[in-house]
Amino acid sequence: MKISRYILPTLKEDPSDATVASHRLMVRAGLIRKESAGMYIYLPMGLKVLQKVTAIVREEMNRSGALEFLMPEMTSAELWKESGRWNTMGPEMFRIKDRNTMEYALAPTHEEAFTSAVRSLISSYRDLPLNVYQINTKFRDEIRPRFGVMRSKEFIMKDAYSFDMDEKGLDDSYQTMRKTYRTIFKRCNLETIPVEADTGAMGGSQSEEFMVASEIGEEVLLICEACGYKANQEKAEYQHGVPGNTEPEAPLAAVDTPDVRTIDDLTVFFKCGPERFMKSIVYTADGTQIMAVVPGNREINEHKLKNHLRAAELELSSDSAVEEVTGAPVGFAGPVTDRKIRMVFDTSVKGIINGITGANKKDTHYTGVNPGRDFTITEEADITIAEEGDLCPQCGKAMITRKGIEVGHIFKLGYKYSKSMSLTVLDRNGKAVHPIMGCYGIGVNRTMAAVVEQHHDDKGIVWPMTITPFQVCIVGIAKTDEEAAAVEEIYTMMKDAGIEVLLDDRKVSPGFKFADAELIGIPIRITVGKNYFNNNELEIKMRRTGESENVTKGNLLARIMEIIKQETDIIEK
RNA sequence: CGGGAUGUAGCGCAGCCAGGUAGCGCGCUUCGUUCGGGACGAAGAAGCCGGGAGUUCGAAUCUCCCCAUCCCGACCA
Numbered sequence: 011m012k013i014s015r016y017i018l019p020t021l022k023e024d025p026s027d028a029t030v031a032s033h034r035l036m037v038r039a040g041l042i043r044k045e046s047a048g049m050y051i052y053l054p055m056g057l058k059v060l061q062k063v064t065a066i067v068r069e070e071m072n073r074s075g076a077l078e079f080l081m082p083e084m085t086s087a088e089l090w091k092e093s094g095r096w097n098t099m100g101p102e103m104f105r106i107k108d109r110n111t112m113e114y115a116l117a118p119t120h121e122e123a124f125t126s127a128v129r130s131l132i133s134s135y136r137d138l139p140l141n142v143y144q145i146n147t148k149f150r151d152e153i154r155p156r157f158g159v160m161r162s163k164e165f166i167m168k169d170a171y172s173f174d175m176d177e178k179g180l181d182d183s184y185q186t187m188r189k190t191y192r193t194i195f196k197r198c199n200l201e202t203i204p205v206e207a208d209t210g211a212m213g214g215s216q217s218e219e220f221m222v223a224s225e226i227g228e229e230v231l232l233i234c235e236a237c238g239y240k241a242n243q244e245k246a247e248y249q250h251g252v253p254g255n256t257e258p259e260a261p262l263a264a265v266d267t268p269d270v271r272t273i274d275d276l277t278v279f280f281k282c283g284p285e286r287f288m289k290s291i292v293y294t295a296d297g298t299q300i301m302a303v304v305p306g307n308r309e310i311n312e313h314k315l316k317n318h319l320r321a322a323e324l325e326l327s328s329d330s331a332v333e334e335v336t337g338a339p340v341g342f343a344g345p346v347t348d349r350k351i352r353m354v355f356d357t358s359v360k361g362i363i364n365g366i367t368g369a370n371k372k373d374t375h376y377t378g379v380n381p382g383r384d385f386t387i388t389e390e391a392d393i394t395i396a397e398e399g400d401l402c403p404q405c406g407k408a409m410i411t412r413k414g415i416e417v418g419h420i421f422k423l424g425y426k427y428s429k430s431m432s433l434t435v436l437d438r439n440g441k442a443v444h445p446i447m448g449c450y451g452i453g454v455n456r457t458m459a460a461v462v463e464q465h466h467d468d469k470g471i472v473w474p475m476t477i478t479p480f481q482v483c484i485v486g487i488a489k490t491d492e493e494a495a496a497v498e499e500i501y502t503m504m505k506d507a508g509i510e511v512l513l514d515d516r517k518v519s520p521g522f523k524f525a526d527a528e529l530i531g532i533p534i535r536i537t538v539g540k541n542y543f544n545n546n547e548l549e550i551k552m553r554r555t556g557e558s559e560n561v562t563k564g565n566l567l568a569r570i571m572e573i574i575k576q577e578t579d580i581i582e583k
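So the first sequence is numbered by my numbering: it starts at 11 and just counts up by one.
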């Protein structure tokens, strides 16, 4: 491809609306353009990369035995009503009507569509195990699209759904996908960290997310460097320490605390650390009020709490509801009460001696509160967020935190959809049974952006050989028509050899071309200039290492082929 | 949805406080000279100053109301 005949609008300046490196560089290198918030145009060069990532995903999915489909993106409301998600999906699902007022959803995901399709296609245990997938656009009305294509309203996802006869089969399918994902990301030269993830209240038994460590990541990961435990903060467990505090029990005492409500206020008022407090928060879980009690120095993990309660919906109770159930305004709730309310205590609460907590009375707190004596721990669970320095649940060493971008997710779904949508097959005894399902997603555009995030420098993108839009960029520095013809000869030779080559034949200065080649991030640059016209020397320069070498025209092809192979092997081997 | 910021030529910005012919850099067009690290000169084209209302003789500038974009918090690949 000749740049003079291409659309490649590179920019010298950063676009004003881009803050993260991948977004900035993808726009500056002429890969994408914003159409509107959360929607992007892929220009020819950007599309090439996207297609290469897609090709790797497809190749590995096919290798794993999965079968590729292409599902409608407009899915009928009927499907969603069957699973019950028409009502529960919420405003992130785009809904539309046709001229006959038939309702549809622009699919944010395809569990229903695939379950329904598979239902009509298979009927016997002999058809299982089955794994079906597609690479297709998803629509989500994101509250806040962000970071270019990293989080957009419309994105390309590879989504796969597995169907097995039993949990053993599901586990095999799951492990196969896990391996496939590792290979896919490796081939994209993307270093990922698989972490344990929250499975939600759906009874999903196992779930892992593939994270790319990055400062701009929207997820927090807890990592134990000693034993290798890795989990999303939503899910991460930790060993709840027992405080070394052995002071004698003090009597329970009510203290006037006018307008002292928050933990910060209380530490100032009582002149003590936040860990002495029993923070009591009232939630509404599926319509009923519950109180969660955690140490004052910890945050409640709503995912853990929701899972513990097996609740579908969990939200902070309104001020009026709090007042109703505790008898006090917000800020004075506590577990010492005669009122009947379900309480869930974090595992660390029982270790607090002479604690301080709300007295369920306006402007009053109790001091000298002791679990067991002043209230009973009726229900205990780990309901707090793990933080940096917390002890690993497996080996007890201190964990660290990292931020991560989620590029893939694998999930044991269980029977949710096969049951709600009545998918059955006959087992070997002729009895109808529900297959057990798994689902597996990869954000394709996000993967592309994550690669840029992970492979760039101050000059621009550094594409891995496996997904680069072009393998070679020829910078021609020709002054005469004869020289231009000589440059073109090199270009044609490489093109005919099957090398993906971009020829910079624009009438701009050499420095301009060099800078653009680096910005775009083509792995191999060949300079065809006076050294060639005078001495038959072509310069090969590597984007990744900055190393350069000179070859003659006769040796060029063989050398380039060799480099391409090397650069590919570095990634894939 | 809450908090913050910004909307002026294709892109990046100044002008606004203190109202009076809309500017700079990049890019674009033409010509010439350059050209192995973002060249130079000359001549051009290009703007509903986000939208609407108001104040004023006069509004990019002041007031009010919308809209859009971006950043920080609750959803997710």
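Idealized CB from N, CA, C, for every residue including glycine.
Counterpart residues of residue i in DSSP-defined beta bridges
i      : result
Glu257 : Bridge partners of Glu257: none, in fact.
Cys483 : Leu512 and Arg535
Ser330 : DSSP lists no partner for Ser330.
Val50  : The amino acid occupying residue 50 in the given sequence is Tyr; Val does not appear at that position. Answer by DSSP bridge pairing, in chain order: Lys44.
Arg438 : For Arg438, which the question treats as bridged, DSSP gives no partner whatsoever.
Near the ligand ATP: residue i beta-carbon under 8 angstroms from a heavy atom
i      : result
Leu231 : The ligand ATP is absent from the structure shown, which contains no ligand whatsoever.
Cβ distance (whole Å) where residue i is taken to contact residue j below 8 angstroms
i      : j      : result
Ala451 : Ser215 : Correcting the residue identity first, residue 451 is Gly in this sequence and not Ala. Gly451 to Ser215, Cβ: 18 angstroms. No contact.
Gln481 : Pro520 : Incorrect: roughly 21 angstroms between the Cβ atoms, too far for contact.
Gly531 : Ala39  : 7 angstroms
Asn541 : Lys563 : So it is not a contact: roughly 12 angstroms between Cβ atoms.
Val538 : Ile500 : 5 angstroms
Asp373 : Leu262 : About 17 angstroms; that fails the 8 angstroms criterion.
Pro139 : Ser183 : 6 angstroms
Ser610 : Phe524 : Any property of residue 610 remains undetermined from this structure, which presents the chain solely from 11 to 583.
Asn10  : Gly341 : Residue 10 cannot be examined here, being either before or after the span of the chain that is shown, 11 to 583.
Pro118 : Arg150 : 5 angstroms
For residue j and residue i, the rounded distance between their alpha carbons
i      : j      : result
Ala211 : Leu21  : Any answer about Ala211 is weak, because its pLDDT of 49 lies below 50 and its placement is not dependable; what the coordinates show is given next. Cα-Cα distance, rounded: 47 angstroms.
Pro445 : Leu89  : 18 angstroms
Ile310 : Gln299 : 16 angstroms
Asn317 : Ser327 : 18 angstroms
Val67  : Leu80  : 15 angstroms
Leu60  : Val454 : 7 angstroms
Asp169 : Val278 : 52 angstroms
Gly448 : Tyr171 : 6 angstroms
Thr347 : Thr367 : 11 angstroms
Glu321 : Lys91  : Looking at the sequence provided, one finds Ala at residue 321 rather than Glu. Taking the straight line joining both Cα atoms gives about 21 angstroms.
Arg156 : Val497 : 43 angstroms
Leu324 : Ala295 : 5 angstroms
Ile536 : Val417 : 34 angstroms
Thr336 : Glu78  : 56 angstroms
Gly406 : Tyr239 : 10 angstroms
Tyr248 : Arg109 : 55 angstroms
Test item: CB-CB of residue i and residue j under 9 angstroms
i      : j      : result
Asp400 : Leu200 : no
Glu219 : Glu229 : yes
Glu113 : Ala76  : no
Arg129 : Leu433 : yes
Val63  : Met458 : yes
Pro584 : Met301 : Residue 584 lies beyond the range of the chain shown here (11 to 583); nothing can be said about it.
Thr190 : Val222 : no
Asn146 : Ile166 : yes
Ile17  : Asp514 : no
Val270 : Val304 : no
Tyr293 : Leu315 : yes
Ile226 : Met160 : yes
Ala527 : Cys483 : yes
Tyr50  : Lys58  : no
Sequence-distant residues of its chain with Cβ nearer than 6 angstroms to residue i (five each side left out)
i      : result
Glu244 : Asp208 and His313
Thr125 : Tyr427, Met431 and Leu433
Gly378 : Ala260, Pro261, Leu262, Ala263 and Asn364
Arg34  : Asp24 and Ala28
Val30  : Phe157 and Ile226
His120 : Met81 and Asp169
Phe355 : Val303, Ile387 and Glu390
Residues near residue i by beta carbon distance below 7 angstroms, same chain, minus five either side
i      : result
Ser133 : Val435 and Leu436
Thr267 : Phe279, Asp373, Thr374 and His375
Close-in-space but distant-in-sequence residues of the same chain around residue i (CB under 8 angstroms, 5 per side omitted)
i      : result
Cys237 : Cys402, Gln404, Cys405 and Lys407
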